[in-house]
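Numbering (my numbering), first residue to last: 1 to 402. All residues carry an ideal CB built from backbone N, CA and C; glycine is no exception. In this text, all values refer to a predicted model and were calculated from it rather than measured experimentally. Some notes on the structure that comes next.
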Amino acid sequence: MTTREKDILSNIFEKALTGKSIFINRQVLRSDFIPGKLPFREEQINIIGQILAPILQESKPSNLLLYGKTGSGKTAVAKYVLSKFEETTKQHNKAISLAYSNARLAGSEYRVLVDLAHCLSMDMPFTGLPISEVLQRIYNKISDNNLKVIFIIDEIDYLAKHAKNSNDDMLYSLTRSSEHLKQGFISIMGISNDLHFKSFLDPRVLSSLNEEEILFPPYTVNQLSNILTERIQEAFNNKTVPLSTINLCAALAGSEHGDARRAIELLRVAGELAERSDDTTILEKHVKDASMKIDNDRIYQAVKTLPLHEKTVLKAVTSNDDNTTTGDVYNQYQKLTKKIGVEPLTQRRISGLLSELDTQGLINASIINQGRHGRTKRISSVVSNNIIDQVFEDDPIAKSLL
Ligand code: ADP
Ligand code: MG
1 MTTREKDILS NIFEKALTGK SIFINRQVLR SDFIPGKLPF REEQINIIGQ ILAPILQESK
61 PSNLLLYGKT GSGKTAVAKY VLSKFEETTK QHNKAISLAY SNARLAGSEY RVLVDLAHCL
121 SMDMPFTGLP ISEVLQRIYN KISDNNLKVI FIIDEIDYLA KHAKNSNDDM LYSLTRSSEH
181 LKQGFISIMG ISNDLHFKSF LDPRVLSSLN EEEILFPPYT VNQLSNILTE RIQEAFNNKT
241 VPLSTINLCA ALAGSEHGDA RRAIELLRVA GELAERSDDT TILEKHVKDA SMKIDNDRIY
301 QAVKTLPLHE KTVLKAVTSN DDNTTTGDVY NQYQKLTKKI GVEPLTQRRI SGLLSELDTQ
361 GLINASIINQ GRHGRTKRIS SVVSNNIIDQ VFEDDPIAKS LL
């Protein structure tokens, strides 16, 4: 270790020991933190409360679908309402089971059901049983014990897109569970980040899942500023965050769709950058750097997890000039596949992969009208060569494309 490195380290440790950090509490900036107050969501909180209330009189609440873009407060609101609800049921000795599963993290309908079973204190193997058998065991448990269950399936849109077919069976069965139960019940609260989620569902499932639905609109820039101001009081020392910084975070997070997660993440990363450069206030420049860092990290992760052919196509796009055509990309791609010794996919498949890269925001593809010369697709890369180099360096096969 060089003297300089030692100095830097002792500096960091010193700062941690003396507690001279601009943060008072980093935890409250984590994305899974549930704040004590959720401004601008009173209406949604009220409606969910009203929908759940019948359960206190032992009757089954309607199934419910919450939907809205990422960072619009769906998970926070659902968890907030349920924790309040749990307090009430405990106070009044009502036996109600609350179960939660995040479908994206669970990864499959089977795992979602395993989460449910575990929330109901059942043993359930992590693999191996047919879905119908898992469902039957859960229904038996509910019937035998006259359980009243609310089951929240967060990021439920993941199932509709990734576990097509079979997933309809699970949702179909769960949303009509009363047909399988002698007593007790299970109500479903689905949460979707995707507004088009409903079009992925079997209409029969949809009609029973969205007996009630609640939309979470994106936050406005002003609302984001407000949310940030509240959070800052818990997270940072006084006077660490000037108003101009708050407004910039809100404006950046509001520019695509009013995303509170993005706003809070910007603030957290900006705080870390400020701290690292020994600044005592978080300035606009830290926010701008934070925004770039977050984008770069996201792109880096996305490129890293691409399969080999996608990586190769991406490399083909970046090694051509900006605004190349699908044909040019395909030619380049064929050359690159030779270099790494794999069979090229057909041009049709590559068109498909280009669309996927476009949806992931890794390339820009736009149709250009060339008047009487017709229309062509122009493609340019969003990923810097720097990131490509970093990712490909670590990939034993893609490495030889550099
Ligand atoms: P979604 O589930 O819709 O993607 P989340 O509920 O996870 O969004 O919210 C993202 C982040 O923003 C969380 O850290 C959450 O605490 C915060 N947040 C969302 N809405 C509010 C609000 N109304 N007030 C305060 N914080 C909020
Ligand atoms: Mg969520």
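In the DSSP annotation of this structure, the continuous segment of the beta strand (DSSP E) that includes residue 369 starts and ends at 363 to 369. By the criterion of a C-beta distance shorter than 6 Å, residue 135 is surrounded in its chain by 173, once the five residues flanking it on both sides are discounted. Not one heavy atom of ligand 1 lies closer than 6 Å to the C-beta of residue 24. Taking C-beta separations shorter than 7 Å and ignoring five residues to either side along the sequence, the partners of residue 155 in its chain run 102, 103, 104, 191, 193, following chain order. Not one heavy atom of ligand 1 sits closer than 6 Å to the Cβ of residue 236.
Note: residue 154 is bridge-paired with 102 in the DSSP secondary-structure output. For residue 191, the enclosing beta strand (DSSP E) has its first and last residue at 185 to 192. For residue 121, the three-state secondary structure derived from DSSP is coil.
For residue 75, the enclosing alpha helix (DSSP H) stretches over residues 74 to 91. Judged by DSSP in its simplified three-state form, residue 206 adopts helix. Nearest neighbour of residue 28 by Cα position, chosen from 281, 278, 268, turns out to be 268.
The three-state reading of DSSP puts residue 377 in strand, counting E and B together. The region 196 to 212 makes no contact with the region 237 to 253; the number of CB pairs closer than 8 Å stays below 3.
Inside the region 253 to 287, DSSP marks whole alpha helix (DSSP H) runs of 4 or more residues at positions 260 to 276, from first to last along the chain.
Per DSSP, reduced to three states, the secondary structure at residue 343 is coil, with no helix or strand assignment. Straight-line spacing of the CA atoms in residue 170 and residue 212 works out to 19 Å. Listed as beta-bridge partners of residue 214 by DSSP are 66.
In terms of Cα proximity to residue 209, the closest of 65, 216, 279, 248 is 65. For residue 84, the distance from the CB to the nearest heavy atom of ligand 1 is not below 6 Å. In this chain, the alpha helix (DSSP H) harbouring residue 200 covers 197 to 200.
Distances taken from the Cβ of residue 74 to the heavy atoms of ligand 2 include one shorter than 6 Å. In this structure, residue 197 has its beta carbon at no less than 6 Å from each heavy atom of ligand 1. Judged by DSSP in its simplified three-state form, residue 220 adopts coil rather than helix or strand. Rounded to the nearest whole angstrom, the C-alpha separation of residue 388 and residue 303 is 8 Å. Straight-line spacing of the CA atoms in residue 162 and residue 198 works out to 14 Å.
Approximately 12 Å separates the beta-carbon atoms of residue 266 and residue 274; this is outside 8 Å, ruling out the contact. For residue 242, the distance from the CB to the nearest heavy atom of ligand 1 is not below 6 Å. In the three-state reduction of the DSSP assignment, residue 21 falls in the coil class. Distances taken from the Cβ of residue 53 to the heavy atoms of ligand 1 include none shorter than 6 Å. Counting other Cβ atoms within 10 Å of its Cβ, residue 286 reaches 16 or more and is therefore classed as buried. In the three-state scheme derived from DSSP, where H, G and I count as helix and E and B as strand, residue 240 is classed as coil.
Put simply, the region 284 to 298 does not touch the region 307 to 324. Fewer than three CB pairs are less than 8 Å apart. Residue 215 counts as exposed, since fewer than 16 other C-beta atoms from the protein chains shown sit within 10 angstroms of its C-beta.
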